[in-house]
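Residue numbers (the working numbering), protein chains in the order written: chain A, 11 to 265; chain B, 11 to 265.
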DNA sequence: GCAAGAATCCCCTATATTGAGATTCTTGAA
DNA sequence: TTCAAGAATCTCAATATAGGGGATTCTTGC
């Protein structure tokens, strides 16, 4: 399983850095990756020069400034964020909730921008936090609008999880359920990601077939009766559609 | 100057991505870097698998989700940010201004967190934006507290720029000026980075010798007479010192 | 100024990397 | 659905180059 080309070897140093561990000494890296001392140091030197890592005296290596810069470049130019932020602002002012833009990166859901108007940070998903793939309104808003070719393998892989949350036990059943969401244009989920929190999400499209993101609201179940939820739903849908149209995508969520 | 090891070759793909250009087609990369087609695609594949790049249909490659995640990891765990943010909050509420935490990464100044209380975004420096090295209160607050060994080469390199802004024409003169800042603990600059904007910055230390960052305020000259500036200065100094002490550094800025 | 530890250098060998061109896979259009 | 243009990958030989043991130099902290 060890990568056999040096491209992957060098990049696997970066993947050592996780939420659990953000500081690595060369010794620990040698241990973890099995590289020899000179080799590791060669790699580290390159990563350091690229600014992706920095060495801190007496405490090993951490992520470096280039990471911050690259993220800045993305934020600054991402049309999804630029067009979406006014909507985040608007909806989060209208209700006590969190509003999120979550990008779909092929097999990952990642929050790229968010804003909240509530005190608690239970429902808070800051930029950069990955989301569970098989749960919640957000992922369903993506799945429901995926073209068949992409959807089917997706379902296969997560069948267990999807049926566990009651979406259906067979690929058949699941697609049927998703078709309903597709018809409504919005996905609503009650407490799937966080108990007591309702998620409402609609897909965002650019010129392509598959959705690229969702625009969504999470709100405490205490603050949202059915009436409110349905109001929010249509606003969310409208916002998502407007963002889509700005991105050159279809205006409405119909297929 | 072309890198001769594949570590650097792979990483130089990442450095193609700049503020000017955030989408690269493979063709353009081949052109820019001089790699052959299969080689380039091999590299791209690795970068894609690592999540650092994503390929967009019909518009080439862009930065990928891992970049966002890595930045998140940094934000989440950076003690400078964690301890600094309350102060950003507090000072930006007290005056109509921007409050910044700027990290010193060896030879780069990079804003890592900021907050502003004014409407205009003239003085706004969001996270990730690099800052000019030889200008402004911020860089001076770093330079003034650098140990000699690090300071002298720094001055050599930027002599022209430093003397242009009147810091002194010789290394001698400049160090003399910096010594004054060091005595006061705060650097103040009038309109050096942005005309009409006053910058006020104090260094932040961890356990090491050299400052690791500055805590600073930028405020429109219209809104700040000498009296106000001196008030802000002492508050900035106090905040910076408090952050330093939280980071295990010296409490006061004296040497 | 010195010593312990960290980072880099040297240099040869085996091996992984490279690139030209052919091949297969996608994707959009008819 | 079929087709064609373009994008991505594969094959394979030649060879550059990454890797590692051990020595060396550079940093730090005392």
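We treat Cβ as the ideally placed atom computed from N, Cα and C, and that holds for glycine.
Would you call the segment 209–227 of chain B and the segment 151–166 of chain B in contact, with 3 or more CB pairs under 8 Å? Cβ pair count under 8 Å is three or more, so yes.
Any Cβ of chain A within less than 8 Å of the Cβ of residue 82 of chain B? Within the second chain, numbered from 1, the residue matching residue 82 of chain B stands at position 72. So yes, residue 82 of chain B belongs to the interface.
For the segment 20–37 of chain B against the segment 61–77 of chain B, are there 3 or more C-beta pairs whose distance is under 8 Å? Yes, since at least three Cβ pairs between the segment 20–37 of chain B and the segment 61–77 of chain B fall closer than 8 Å, the two stretches touch.
By how many angstroms is the C-alpha of residue 55 of chain A removed from the C-alpha of residue 23 of chain A? In the first chain, the residue the question calls residue 23 of chain A occupies position 13. In the first chain, the residue the question calls residue 55 of chain A occupies position 45. Rounded to the nearest angstrom, the two C-alpha atoms are 12 Å apart.
Checking the sheet assignment: what are the DSSP bridge partners for residue 227 of chain A? Locating residue 227 of chain A in the first chain gives position 217, where the first residue counts as 1. A:109, A:210, per the DSSP bridge assignment.
Counting only beta-carbon atoms, is residue 112 of chain B nearer than 8 Å to chain A? Counting from one through the second chain, the residue named residue 112 of chain B turns up at place 102. No, because no Cβ of chain A sits closer than 8 Å to the Cβ of residue 112 of chain B.
So that I know if they touch, is there some Cβ in chain B lying closer than 8 Å to that of residue 21 of chain A? Along the first chain, one-based indexing puts residue 21 of chain A at 11. For residue 21 of chain A, at least one C-beta of chain B is nearer than 8 Å to its own C-beta.
Taking only runs that begin and end inside the segment 71–121 of chain B, name each unbroken alpha helix (DSSP H) of 4 or more residues, in chain order. Listed in chain order, they are 75–87, 89–104.
Taking all protein chains shown into account, decide if residue 201 of chain A is buried (16 or more other Cβ within 10 angstroms of its Cβ) or exposed. Within the first chain, residue 201 of chain A is the residue found at index 191, counting from 1. Exposed, because fewer than 16 other Cβ atoms sit within 10 Å of the Cβ of residue 201 of chain A.
Does any CB atom of chain B fall closer than 8 Å to the CB of residue 51 of chain A? For the purposes of this step, residue 51 of chain A is identified with residue 41 of the first chain, where counting begins at 1. Any Cβ of chain B closer than 8 Å to the Cβ of residue 51 of chain A would place that residue at the interface, and such an atom is absent.
Have a look at B:144, B:68, B:186, B:206 and flag the residue whose alpha-carbon is nearest the alpha-carbon of residue 228 of chain B. In the second chain, counting from the first residue as 1, residue 228 of chain B sits at position 218. Cα-wise, what sits closest to residue 228 of chain B is B:206.
Does the beta carbon of residue 46 of chain B come closer than 8 Å to any beta carbon on chain A? On the second chain, position 36 is the one that residue 46 of chain B refers to. By this cut-off, residue 46 of chain B is not an interface position.
Please go through the segment 123–188 of chain B and give each complete alpha helix (DSSP H) segment of 4 or more residues, from N-terminal end onward. Qualifying alpha helix (DSSP H) stretches, in chain order: 146–153, 158–167, 169–174.
Cβ neighbours of residue 95 of chain A in the same chain (closer than 7 Å, five flanking residues each side left out): The residue labelled residue 95 of chain A in the question sits at position 85 within the first chain. The residues 123, in chain order, have a CB closer than 7 Å to that of residue 95 of chain A in the same chain once the five nearest residues on each side in sequence are set aside.
Along chain B, which residues have their Cβ under 9 Å away from the Cβ of residue 64 of chain A? Sequence index remark: in the first chain, residue 64 of chain A carries index 54 (1-based). 115, 116, listed in chain order.
Three-state secondary structure (DSSP) of residue 199 of chain A: Counting from one through the first chain, the residue named residue 199 of chain A turns up at place 189. DSSP places residue 199 of chain A within a strand segment (E or B) once states are collapsed to three.
Beta bridge counterpart(s) of residue 65 of chain B as assigned by DSSP: Start at 1 with the first residue of the second chain, and residue 65 of chain B comes out as number 55. According to DSSP, which records beta bridges pairwise, residue 65 of chain B is partnered with B:71.
If we count the other Cβ atoms within 10 Å of its Cβ and call it buried at 16 or more, is residue 265 of chain B buried or exposed? Numbered from 1 along the second chain, position 255 holds the residue referred to as residue 265 of chain B. Here the model assigns residue 265 of chain B a pLDDT of 42, short of 50, so the residue's position is not dependable, and the following value carries that caveat. Under this definition residue 265 of chain B is an exposed residue.
Residues of chain A with a CB under 8 Å from the CB of residue 56 of chain B: which are they? By one-based count along the second chain, residue 56 of chain B stands at place 46. 15, 17, 18, 21, listed in chain order.
Whose Cβ in chain B lies nearer than 8 Å to the Cβ of residue 27 of chain A? Numbered from 1 along the first chain, position 17 holds the residue referred to as residue 27 of chain A. What residue 27 of chain A touches in chain B: 80, 83.
Is there a Cβ of chain A sitting closer than 8 Å to that of residue 203 of chain B, yes or no? Here residue 203 of chain B refers to the residue found at position 193 when the second chain is read from its first residue. With a threshold of 8 Å between beta carbons, residue 203 of chain B makes no contact with chain A.
Following the continuous alpha helix (DSSP H) through residue 217 of chain A, name the residue where it begins and the one where it ends. Start at 1 with the first residue of the first chain, and residue 217 of chain A comes out as number 207. From DSSP, residue 217 of chain A is part of no alpha helix (DSSP H); its letter is neither H nor E.
Whole angstroms is fine: what's the gap from residue 230 of chain A's alpha carbon to residue 172 of chain A's? Counting from one through the first chain, the residue named residue 230 of chain A turns up at place 220. Counting from one through the first chain, the residue named residue 172 of chain A turns up at place 162. Cα-Cα distance, rounded: 23 Å.
On a Cα-Cα basis, can you pick out the residue from B:117, B:79, B:98 that is closest to residue 135 of chain B? Residue 135 of chain B sits at position 125 when you count from the first residue of the second chain. Ranking B:117, B:79, B:98 by Cα distance to residue 135 of chain B puts B:98 first.
Need the endpoints of the alpha helix (DSSP H) that residue 22 of chain A sits in, please. Counting from 1 along the first chain, the entry for residue 22 of chain A is found at position 12. Run containing residue 22 of chain A: 16–24, per the alpha helix (DSSP H) assignment.
Between the beta-carbon of residue 120 of chain A and the beta-carbon of residue 109 of chain A, is there less than 8 Å? Stepping through the first chain from its first residue, residue 120 of chain A is reached at position 110. Stepping through the first chain from its first residue, residue 109 of chain A is reached at position 99. Residue 120 of chain A is not a Cβ neighbour of residue 109 of chain A, given a cutoff of 8 Å.
Are the beta-carbon atoms of residue 78 of chain A and residue 84 of chain B separated by less than 8 Å? Translated into positions along the first chain, residue 78 of chain A becomes position 68. Translated into positions along the second chain, residue 84 of chain B becomes position 74. Taking 8 Å as the Cβ cut-off, residue 78 of chain A and residue 84 of chain B qualify as a contacting pair.
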